[in-house]
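Novice:
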Amino acid sequence: AQRVTQPEKLLSVFKGAPVELKCNYSYSGSPELFWYVQYSRQRLQLLLRHISRESIKGFTADLNKGETSFHLKKPFAQEEDSAMYYCALSDNQGGKLIFGQGTELSVKP
Amino acid sequence: NAGVMQNPRHLVRRRGQEARLRCSPMKGHSHVYWYRQLPEEGLKFMVYLQKENIIDESGMPKERFSAEFPKEGPSILRIQQVVRGDSAAYFCASSADSSNYGYTFGSGTRLTVV
Chain A
184 AQRVTQPEKL LSVFKGAPVE LKCNYSYSGS PELFWYVQYS RQRLQLLLRH
234 ISRESIKGFT ADLNKGETSF HLKKPFAQEE DSAMYYCALS DNQGGKLIFG
284 QGTELSVKP
Chain B
69 NAGVMQNPRH LVRRRGQEAR LRCSPMKGHS HVYWYRQLPE EGLKFMVYLQ
119 KENIIDESGM PKERFSAEFP KEGPSILRIQ QVVRGDSAAY FCASSADSSN
169 YGYTFGSGTR LTVV
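Residue numbers (our numbering), protein chains in the order written: chain A, 184 to 292; chain B, 69 to 182.
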């Protein structure tokens, strides 16, 4: 079955510390992976997708097919990074996304 | 471009009433997706529609829930005879095609059943 797992419900770090939000997936095939972010009182928005291999707001994520992981990383967290982060998977068949449970990132001053 | 518009933002219904949630996709987008987020959970896919067609309703509960996306006007998610368990945030997303490119979410409708 297709599944996305984000094992951490809450991740709390201090400003300037490295951040890694974990995401593991279960899918037999070639999925497309995404990270979405939801800042307080704002709508869900795309942070990055694995096929573009870009860095947005200092965040990167590498697809590891061997470990079926797509962890989100940032070397130095900022207070404005505090938000809910959702990892999502697309089976490339019709556009629907399968989301993880989300991780709340709290960056303390 | 106003983006994906959902209304109302908040909806309170008594048990047994009907809830109608509206979603206007971004200009130029003809693909609409509905998701439900129960408390403490991630978003769960419900239904995927194109104009006048339901493409994938594999995530829709078998009873009381229906969705439409008419030729004119917004997409509607309709919940009949609501129960407390329907209380959730309902999100709509739209895209220009089915490739996830330009997938844009609305702000959601928070349904509370009392």
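C-beta atoms are modelled at their ideal positions from N, C-alpha and C, and glycine is treated no differently.
1) Counting Cβ pairs, one atom from each stretch, are 3 or more of them under 8 Å apart for the segment 81-97 of chain B and the segment 213-231 of chain A?
2) Can you tell which of A:A271, A:E287, A:A260, A:C206 has the C-alpha that lies nearest to the C-alpha of S252 (chain A)?
3) If you draw a straight line from the alpha carbon of A164 (chain B) to that of S98 (chain B), how long is it in whole angstroms?
4) Kindly list the residues whose CB is nearer than 8 Å to the CB of L227 (chain A), restricted to its own chain and excluding five residues on each side of it in sequence; keep chain order.
5) Cβ closer than 8 Å: which chain B residues qualify as neighbours of I281 (chain A)?
6) Whole angstroms is fine: what's the gap from N75 (chain B)'s alpha carbon to F282 (chain A)'s?
7) Sort A:I239, A:L193, A:K198, A:G285 by Cα distance to A271 (chain A) and report the nearest one.
8) Nearest to N247 (chain A) by alpha carbon, out of A:S213, A:P258, A:D274?
9) What residue range is occupied by the uninterrupted beta strand (DSSP E) comprising A156 (chain B)?
10) Could you run through the segment 124-157 of chain B and flag, in chain order, every residue whose CB is less than 9 Å away from some CB of chain A?
11) Would DSSP call D245 (chain A) helix, strand or coil?
12) Is K279 (chain A) buried or exposed, if buried means 16 or more other CB atoms sit within 10 Å of its CB?
Specialist: The answer reads as follows:
1) With the rule of 3 Cβ pairs closer than 8 Å, the segment 81-97 of chain B does not count as touching the segment 213-231 of chain A.
2) Position 69 of the first sequence, counting from 1, holds the residue named residue 252 (chain A). Nearest to S252 (chain A) by C-alpha distance, out of A:A271, A:E287, A:A260, A:C206, is A:C206.
3) Position 96 of the second sequence holds residue 164 (chain B). Position 30 of the second sequence holds residue 98 (chain B). Looking at the backbone, the Cα of A164 (chain B) and that of S98 (chain B) are separated by about 6 Å.
4) The residue you call residue 227 (chain A) lines up with position 44 of the first sequence. Cβ within range, chain order: Y219, V220, Q221, Y269.
5) As a working note, residue 281 (chain A) is residue 98 in the first sequence. The contact set of I281 (chain A) on chain B, defined by CB atoms closer than 8 Å, consists of F113 in chain order.
6) Translated into the one-based positions of the second sequence, residue 75 (chain B) becomes position 7. Translated into the one-based positions of the first sequence, residue 282 (chain A) becomes position 99. Using only the alpha carbons, I get a separation of about 23 Å.
7) Against the first sequence, residue 271 (chain A) aligns to sequence position 88. The closest CA to that of A271 (chain A), considering only A:I239, A:L193, A:K198, A:G285, is found on A:G285.
8) Indexing the first sequence from 1 puts residue 247 (chain A) at position 64. Cα-wise, what sits closest to N247 (chain A) is A:S213.
9) Along the second sequence, one-based indexing puts residue 156 (chain B) at 88. From DSSP, the beta strand (DSSP E) with A156 (chain B) extends over 156-163.
10) Listed by position along the chain: D124, S126, G127.
11) Against the first sequence, residue 245 (chain A) aligns to sequence position 62. D245 (chain A) falls in the coil class under three-state DSSP.
12) Looking up residue 279 (chain A) in the first sequence gives position 96. Buried is the call here.
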